[in-house]
Each structure stands twice: as C-alpha cells, then as structure tokens.
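> Numbering (our numbering), first residue to last: -19 to 421.
Glycine included, every Cβ here is placed at the ideal spot set by N, Cα and C.
From a predicted model like this one, the values you see are computed outputs, not experimental measurements.
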Amino acid sequence: MANTRDLLDTTPGACDAPCRDDAPVAIAAPLPRRARQATLAWGARLVTVGGAAPVRVQSMTNTDTVDAIATAIQVKELAQAGSELVRITVNTPEAAAAVPHIREQLDKMGESVPLIGDFHYNGHRLLTDFPACAQALSKYRINPGNVGRGDKHDKQFGQMIDAALRWNKAVRIGVNWGSLDQDLLADLMDANSRRSVPWQLRQVMYEALISSAIGSARRAEAMGLDGDQIILSCKLSGVQDLIAVYRALARRCDYALHLGLTEAGMATKGTVASTAALAVLLQEGIGDTIRVSLTPQPGQARAQEVLVATEILQALGLRAFVPSVTACPGCGRTTSTLFQDLAKQIDDFLRDRMPVWRLRYPGVENLRVAVMGCIVNGPGESRHADIGISLPGTGEAPAAPVFIDGQKAMTLRGDNIASEFHQLVERYIEKRFGAMAAPTV
Ligand code: SF4
-19 MANTRDLLDT TPGACDAPCR DDAPVAIAAP LPRRARQATL AWGARLVTVG GAAPVRVQSM
41 TNTDTVDAIA TAIQVKELAQ AGSELVRITV NTPEAAAAVP HIREQLDKMG ESVPLIGDFH
101 YNGHRLLTDF PACAQALSKY RINPGNVGRG DKHDKQFGQM IDAALRWNKA VRIGVNWGSL
161 DQDLLADLMD ANSRRSVPWQ LRQVMYEALI SSAIGSARRA EAMGLDGDQI ILSCKLSGVQ
221 DLIAVYRALA RRCDYALHLG LTEAGMATKG TVASTAALAV LLQEGIGDTI RVSLTPQPGQ
281 ARAQEVLVAT EILQALGLRA FVPSVTACPG CGRTTSTLFQ DLAKQIDDFL RDRMPVWRLR
341 YPGVENLRVA VMGCIVNGPG ESRHADIGIS LPGTGEAPAA PVFIDGQKAM TLRGDNIASE
401 FHQLVERYIE KRFGAMAAPT V
C-alpha cells in the first residue's frame, strides 16, 4: 500500500507547479457573521451580542455567590481584565438573595458590567421567588437538560421564560454534553435504531445537543420571547466534537451563538485546546461571544481565562485589547536573560498602563511593539512594528537600535535600556494617540 509520501510524490502536476503566480495570494480574514443580535442591558450600559457587534468576551466567577462582597470584587477583576459579561452561579435561595447585593456593590464601585445568572434544576423557583434577583441579572442561562424531566420539563422551562418576559431579559439556552436532555436523547436513539443505516452514537448525541438547543429556543419564541434575545450554546469538551456541532448549529439557525470548549482543563492544555477549537470556528464566522473555561491553577487569578479569550480574538485580528508585543523566542544567540527580561517588562508595562491609556489614548490597543533578540531578524521585525528594539545577541556590540515607524531612530546603550525604552514607548503613544483624544473642557 502506498504511503503518504508516495501519494504526494505521484500527485499529477504537484512538482510542476510554478514557484510564482500572477495572481496575488488571497489575504486571510475571518468570514463575516450572520447571527441575530441580542442586547444585554444594565442601566445605561448596553452590550450587544451577535449581528455586527464585535465578538464579546465573557467569563464566570468561582466565588461562593452567597459571599456578595467577594463575588462583586471578582466580577470587577474579570471586567477590568476585559470581560464584557460576567456569569455567576445562582444555585440556592441564599445565592439568589445575594444577587441584588452583588449588583449593588458593583454599581457602588462604578462597575456596570452585565451579570448573567447560571441556573440549573431550581432556576424556575429561584427566578419566581426572588424577583430582585431576576431583576438584577441581565441574562438567564437555562440548561434544557437540567430543568426537570417528564411533565415538569416544559412547565419549569416555561416558568424561566416567563421570568425573562416579565423582566425583559435575554436568555442563553446552554446545552451541555455532560447534562444532555435524557428524554430527548432516548427518543433520538429509538429513531436511530429504526434507520436502515444507523448513525454512529456520537452523531446521535450531536443531534441531541443541537435539537435540544434549537427546539428550546423555538419553544421560548412560541411563548413570546423575542428571538433576537436568545443566545444558544452547545458545549462539548472535545475540540473536533465542538467544531462539528457548531458548524451544524450555525447552519441550522441564526440565533447568536455563545462559543466555548467546556471543561477545557488546566494551564497549557486548557489554553491550547480552547484556542484550537475557537480559532477554527471564529475564522469561519461562527461565534458571537466566547468563554474560555480554564481550570485555574492554585493561586492563579481567575482573570487568566479572560486574558486567554482576549488573546484569541486579538491573534485572529477580530479585536484589539492591548498593544501587541512581537518577541522572538530567543536562541543560542541570546545566552543572557536580558532579552527575556526586557520582553516581559515591556509586556507587563503595556498591560499595567492600559486602564489609563484606554481612556486617554483612543486606538492605543492597536499599537505594535517588537522586542527582538539579535540582528538576524531584529531590525527587520522592528521595522514592521510601530516601535521596536533589537537587543544585542551574544558577541554583538552592546547596543540596542530602536526603530520608530520603520526608521532607525536611535541606539540605546548601558544599564538602563529597559527604562529608556519604556519612556520612548510612552512618548510615542502620547504623540500618536494623544492627538485622537477628545479635548477636555
Ligand atoms: S532574532 Fe536572533 S535571537 Fe531571536 S530567535 Fe532569531 S536568531 Fe535567535
């Protein structure tokens, strides 16, 4: 049997392809999206999801919701990191009672990020018995697999939609691989057994996820909920599973879609798996809001999941949140840690200053900075950036040329290269983006 290499070598014309082409290489870009647009509101703050809105970043707290102060503080941290919507667990009467206090604390802190309530099993009761909770939230997450079985399913689902109608709230119908509607799955398994060529079990489960999400959305619309105010999700923990299901979901409905790989895992694994899945779908125009479900490492800030989500969107060119730093990986030419230290210092410096710069310098998030390790690629990459520095590699003269807007501007020398470069970046930002700020009167 021919191996892959043989097949490649014998592909007709493969080796005769011209090395140049008259037609330019097509520029890659995410496909446009085509979903309906939901609006989540809190006071004067409106966050649109879907339609022409940018892909939104959201996250979820891991504090005990009953602890209103701790939860409000974490919500604020997540919002400051870039989360435009924050979900909180509402699982008990005590948690539901705490929700308006969390909202109140946030309002006192000047933080208007919309809150989403995450309900399972008892959401119908909590939203009915705690109207202040229902009112303080901007969206309800309903899992159709966890709203009760048999006769109770439709009734309890209906009670949650009634609350959304009463308080004029958006809803996410969030189906999850781990809590699939068992009655629906059983029906689909029966139907599958009657097929002449039965589907694979995995395909039946895909169908159950999608049918549960779209069927529940149609039921909510039949009850009077505006279809624009419904966001769907079908979360799975396998990258290829998620891609398969969302492609089908996007084809079969035009509701705004919440995208995320559930139970992605920890650290590198969780980050890479989430990025792999989300990047493929976002490039295809699928996904209107994203969450990266990272398991935090002990001591790690919850906001790490927000940073990963923003980096995914920024890397794809969908959004810009912070100035980007292009840094080479270093190699045998950079035997000291000077280059690594400087790259990290610049990155930290840019992130730390962003809360102020964002207000003072509109557009600063589009800044491109290069920090390179030696003369091999350093000057070239630095020229492509708005401002870049090429550090001396091993054996090179102890000098660091700085490039601004593609031109060599100066050479830094001595022990204060990092702080001098910080000042140059700050001055560059002030000059270029300060002019765009609205004049104060
Ligand atoms: S720019 Fe220089 S130091 Fe950086 S990876 Fe390339 S050769 Fe190595």
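1) Grab me the residues of Leu168's own chain with a C-beta within less than 8 Å of its C-beta, minus the 5 sequence neighbours each way, in chain order.
2) Check this for me: beta carbons of Tyr120 and Val151, under 8 Å apart or not?
3) CB of Asn357 to nearest heavy atom of the ligand SF4: below 7 Å?
4) With contact counted as at least three CB pairs below 8 Å, one residue from each stretch, are the stretch 362 to 371 and the stretch 383 to 393 in contact?
5) Nearest CA to the CA of Gly373: which residue from Asn148, Arg313, Pro342, Val344?
6) Does at least one heavy atom of the ligand MG sit under 7 Å from the Cβ of Thr317?
7) What would DSSP say about Asn156, mapped onto helix, strand or coil?
8) Tell me whether Gly360, by its Cβ, gets closer than 7 Å to a heavy atom of the ligand SF4.
9) Please state whether the Cβ-Cβ distance between Ala257 and Leu241 is less than 8 Å.
10) Distance cutoff 8 Å, beta carbons only. Does Asp206 sit that close to anything in chain D?
11) Report all residues from its chain with a CB closer than 8 Å to the CB of Thr420; omit the five preceding and five following residues, and keep chain order.
12) In this structure, does DSSP put Tyr101 in helix, strand or coil?
13) Flag this pair as yes or no: are the beta carbons of Ala15 and Gly30 separated by less than 8 Å?
14) Quick check on this structure: which residue in Gln85, Leu86, Thr69 has the alpha carbon closest to the alpha carbon of Asn102?
15) My understanding is that Ile223 touches Val260, with C-beta atoms under 8 Å, so please give their C-beta distance in whole angstroms.
16) For a test of the three-state rule: what should DSSP assign to Tyr120, helix, strand or coil?
17) Just to confirm the assignment, what range does the beta strand (DSSP E) spanning Ile423 have?
18) By a C-beta neighbour count over all protein chains shown, 10 Å radius and 16 as the cutoff for buried, is Val5 buried or exposed?
19) For the ligand SF4, is there a heavy atom less than 7 Å away from the beta-carbon of Gly125?
20) Which residues does DSSP list as the beta-bridge partners of Ser362?
21) Can you tell me whether Thr314 sits near the ligand SF4, meaning its C-beta is under 7 Å from at least one heavy atom of the ligand?
22) Return the CA-CA distance between Thr(-16) and Pro278, expressed in angstroms with no decimal places.
23) Does the ligand SF4 have even one heavy atom less than 7 Å from the beta-carbon of Met352?
24) Between Gly373 and the ligand SF4, is there a pair consisting of the residue's CB and a ligand heavy atom that are separated by less than 7 Å?
25) Which residue comes first and which comes last in the alpha helix (DSSP H) that contains Ile292?
26) What's the gap between the Cα of Ser196 and the Cα of His104?
27) Specify, as a first and last residue, the run of the beta strand (DSSP E) that Thr69 falls within.
28) Starting from Gly30 and walking both ways along the beta strand (DSSP E), at which residues does that stretch end?
29) My output table needs one value for Ala307: the three-state DSSP class, helix, strand or coil.
30) Provide the residue span of the beta strand (DSSP E) that contains Thr51, from first to last.
31) For the ligand SF4, is there any heavy atom lying closer than 7 Å to the beta carbon of Gly103?
32) State the beta-bridge partners of Cys214 as determined by DSSP.
33) Could you tell me the boundaries of the alpha helix (DSSP H) in which Val260 lies?
34) Going by the DSSP bridge assignment, what does Leu239 pair with across the sheet?
35) Output needed for Lys56: all residues of its chain with C-beta closer than 7 Å, excluding positions within five of it in sequence on either side, in chain order.
In brief:
1) Counting from one through the sequence shown, the residue named residue 168 turns up at place 188. Cβ neighbours of Leu168 beyond the five flanking positions: Val184, Glu187, Ala188, Ser191.
2) For the purposes of this step, residue 120 is taken as residue 140 along the sequence shown, with counting starting at 1. For the purposes of this step, residue 151 is taken as residue 171 along the sequence shown, with counting starting at 1. For Tyr120 and Val151, yes; Cβs fall inside 8 Å.
3) Here the question's residue 357 lines up with position 377 in the sequence shown. Under cutoff, so the answer is yes.
4) yes
5) As a first step, residue 373 is located in the sequence shown; it is residue number 393 there, counting from the start. Of Asn148, Arg313, Pro342, Val344, the residue nearest in Cα terms is Arg313.
6) Summarising the ligand content, the structure contains the ligand SF4 and does not contain the ligand MG.
7) As a working note, residue 156 is residue 176 in the sequence shown. In the structure shown, Asn156 sits in a strand (DSSP, three-state: E or B).
8) Against the sequence shown, residue 360 aligns to sequence position 380. Result no, Cβ not under 7 Å from the ligand SF4.
9) Here residue 257 refers to the residue found at position 277 when the sequence shown is read from its first residue. Here residue 241 refers to the residue found at position 261 when the sequence shown is read from its first residue. Cβ atoms of Ala257 and Leu241: closer than 8 Å.
10) Reference to chain D is not applicable here, since this structure consists of a single protein chain.
11) Here residue 420 corresponds to residue number 440 of the sequence shown, with the count starting at 1. Low confidence applies here, because Thr420 scores a pLDDT of 43, under 50, leaving its location unreliable and the question unanswered by this model.
12) If you number the sequence shown from 1, residue 101 lands on position 121. Three-state DSSP puts Tyr101 in coil, outside helix and strand.
13) For the purposes of this step, residue 15 is taken as residue 35 along the sequence shown, with counting starting at 1. For the purposes of this step, residue 30 is taken as residue 50 along the sequence shown, with counting starting at 1. Their beta carbons are under 8 Å apart, which means Ala15 touches Gly30 by this criterion.
14) Numbered from 1 along the sequence shown, position 122 holds the residue referred to as residue 102. Asn102 has its Cα closest to that of Thr69, out of Gln85, Leu86, Thr69.
15) As a working mapping, residue 223 is identified with position 243 in the sequence shown. As a working mapping, residue 260 is identified with position 280 in the sequence shown. Between Val260 and Ile223 the Cβ distance is about 5 Å, and since that is below 8 Å, they are a contact.
16) Residue 120 sits at position 140 when you count from the first residue of the sequence shown. Strand at Tyr120.
17) Nothing in the structure corresponds to residue 423, since the chain is present only between -19 and 421.
18) Residue numbering aside, residue 5 sits at position 25 when the sequence shown is read from its first letter. Classification for Val5: exposed.
19) Indexing the sequence shown from 1 puts residue 125 at position 145. No - the ligand SF4 has no heavy atom lying nearer than 7 Å to the Cβ of Gly125.
20) What you label residue 362 is simply residue 382 of the sequence shown in a count that begins at 1. BP columns for Ser362 are empty, so no partner.
21) Here residue 314 corresponds to residue number 334 of the sequence shown, with the count starting at 1. At least one heavy atom of the ligand SF4 is nearer than 7 Å to the Cβ of Thr314, so yes.
22) Within the sequence shown, residue -16 is the residue found at index 4, counting from 1. Within the sequence shown, residue 278 is the residue found at index 298, counting from 1. Reliability fails at Thr(-16), whose pLDDT of 49 lies under 50, so the model's placement of it is uncertain and the value that follows must be treated cautiously. About 44 Å.
23) Translated into positions along the sequence shown, residue 352 becomes position 372. Checking every heavy atom of the ligand SF4 against the Cβ of Met352, one is found closer than 7 Å.
24) Taking the sequence shown and counting its residues from 1, one reaches residue 373 at position 393. At least one heavy atom of the ligand SF4 is nearer than 7 Å to the Cβ of Gly373, so yes.
25) As a first step, residue 292 must be located in the sequence shown, where it is residue number 312. Where Ile292 is concerned, the enclosing alpha helix (DSSP H) stretches over 284 to 295.
26) For the purposes of this step, residue 196 is identified with residue 216 of the sequence shown, where counting begins at 1. For the purposes of this step, residue 104 is identified with residue 124 of the sequence shown, where counting begins at 1. Cα to Cα, the separation comes out at about 15 Å.
27) Position 89 of the sequence shown, counted from the first residue, corresponds to residue 69. It spans 65 to 69 - the beta strand (DSSP E) in which Thr69 sits, taken as one unbroken run.
28) As a first step, residue 30 must be located in the sequence shown, where it is residue number 50. Counting along the chain, the beta strand (DSSP E) containing Gly30 begins and ends at 25 to 30.
29) Here residue 307 is taken as the residue at index 327 of the sequence shown, counted from 1. Three-state DSSP puts Ala307 in a strand.
30) Position 71 of the sequence shown holds residue 51. Thr51 -> not in any beta strand (DSSP E); alpha helix (DSSP H) instead, spanning 48 to 61.
31) By one-based count along the sequence shown, residue 103 stands at place 123. Outside the cutoff, so no.
32) In the sequence shown, residue 214 corresponds to position 234, counting from 1. DSSP output for Cys214 lists Val155 as bridge partner(s).
33) Taking the sequence shown and counting its residues from 1, one reaches residue 260 at position 280. Note, Val260: alpha helix (DSSP H), 247 to 263.
34) Position 259 of the sequence shown, counted from the first residue, corresponds to residue 239. Looking at the DSSP assignment, Leu239 forms a beta bridge with Ile270.
35) Here residue 56 corresponds to residue number 76 of the sequence shown, with the count starting at 1. Closer than 7 Å at Cβ, skipping near neighbours: Leu86, Met89, Glu91.
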